[in-house]
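These notes concern the structure reproduced below.
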Amino acid sequence: MSNTIEIRESVETDAAEIGSLYPKAFPDEDLLPLVRELLQDATITVSLVGVADSQIAGHVLFTRCGVVGSSIKASLLGPLAVAPEWQRRGVGSALVRAGLQRLREEEVDVVCVLGDPRYYGRHGFEQESRIEPPFRLPPEWSSAWQSRYLDDTMAPCSGRLAVPVQWQQPALWAP
Ligand SMILES: CC(C)(COP(=O)(O)OP(=O)(O)OC[C@H]1O[C@@H](n2cnc3c(N)ncnc32)[C@H](O)[C@@H]1OP(=O)(O)O)[C@@H](O)C(=O)NCCC(=O)NCCS
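Letter by letter, the sequence shown follows residues 1286 to 1460 of the numbering used here.
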């Protein structure tokens, strides 16, 4: 196994490999329909793959969003998937770091994520209580709703995250 991971934007011909990655990374959850829908609209997503040994070892999506009542530029991180044989080798972290850098260049203000705080806390994400998720989360998930401001000097903003139609499915926001 190579120790070199290349992070690049995904291209259409990556679809089959991305399609086989998700069921391996998420055996109990079918995220592929969401991923495929999001990938169809390149204007709203940043899609990065981590390539190792000429194969796609990981993938991450960031979706452009807004916050209702605000002009802030927001992004929603997810899904993030790393192939089991490549997990704990830095692929996920490299994808998150590269994505945040890319969003900084696009002058995105804040990135939200619904995920494990023990993982995203490593990347500077903190529990978010002012920006609300698009659907009410179960109380036990409140610490999983997190954000990271890309400009530390920015005043926190409040309001509901406005997500594109692909994310407007309550099932994506419930256990
Ligand atoms: C979670 C996931 C994306 C992490 O990617 P990765 O490439 O394996 O992680 P990295 O190598 O960048 O980081 C590894 C570190 O994060 C920790 N870590 C990995 N997954 C974690 C998790 N779910 N919770 C807490 N810590 C986690 C590891 O313990 C490791 O720490 P160490 O270096 O101190 O041992 C990947 O394991 C994965 O795809 N898992 C299945 C799908 C999933 O759960 N995705 C959603 C993420 S919330």
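Ideal placement from N, C-alpha and C gives every residue a C-beta, glycine not left out.
Excluding the five sequence neighbours on either side, which residues of its own chain have a C-beta within less than 6 Å of the C-beta of residue i, listed in chain order?
i, result
"Val-1376", "Ile-1290, Gly-1335, Ala-1342, Gly-1343, Val-1367"
"Leu-1362", "Phe-1347, Val-1396, Val-1398"
"Ser-1443", "Arg-1415"
"Gln-1259", "For residue 1259 there is no data in the structure shown, the boundaries of the chain being 1286 and 1460."
Closest by CA to residue i, which one among the options?
i, options, result
"Gly-1409", "Ser-1432, Phe-1420, Leu-1399", "Ser-1432"
"Pro-1364", "Leu-1435, Val-1320, Arg-1293", "Val-1320"
"Asn-1288", "Leu-1324, Asp-1338, Ala-1301, Glu-1302", "Asp-1338"
"Tyr-1434", "Pro-1312, Ala-1459, Leu-1324, Glu-1392", "Glu-1392"
"Ser-1427", "Asp-1437, Phe-1347, Arg-1415, Asp-1436", "Arg-1415"
"Arg-1388", "Ala-1359, Arg-1445, Ala-1300", "According to the sequence as given, residue 1388 is Leu; it is not Arg. Per the Cα distances, Ala-1359."
Excluding five sequence neighbours on each side, which residues of the same chain lie with their C-beta closer than 8 Å to the C-beta of residue i?
i, result
"Leu-1317", "Gly-1304, Tyr-1307, Pro-1308"
"Val-1471", "Nothing can be reported for residue 1471, as the shown portion of the chain is limited to 1286 through 1460."
Run the CB neighbour count on residue i, radius 10 Å, all protein chains shown included, and call it buried at 16 or more, exposed below.
i, result
"Ser-1295", "buried"
"Gly-1384", "buried"
"Arg-1293", "exposed"
"Asp-1394", "buried"
"Val-1352", "buried"
"Ala-1379", "buried"
"Ala-1300", "exposed"
For residue i, collect the residues of the same chain with a Cβ closer than 7 Å to its Cβ; drop the 5 residues on either side in sequence, then sort them by chain order.
i, result
"Glu-1413", "Cys-1397, Trp-1430, Gln-1431, Ser-1432"
**Prompt:** Taking one C-beta from the segment 1340-1351 and one from the segment 1364-1372 each time, how about it: are there three or more such pairs within less than 8 Å?
**Reply:** yes
**Prompt:** Do the segment 1326-1333 and the segment 1413-1429 touch if we need at least three Cβ pairs shorter than 8 Å?
**Reply:** no
**Message:** If we require 3 or more residues per run, which beta strand (DSSP E) segments fall completely within the segment 1371-1435?
**Reply:** 1395-1399, 1430-1434
**Item:** 3-residue-minimum beta strand (DSSP E) runs that sit fully inside the segment 1326-1379, ordered along the chain
**Value:** 1330-1337, 1340-1352, 1359-1367
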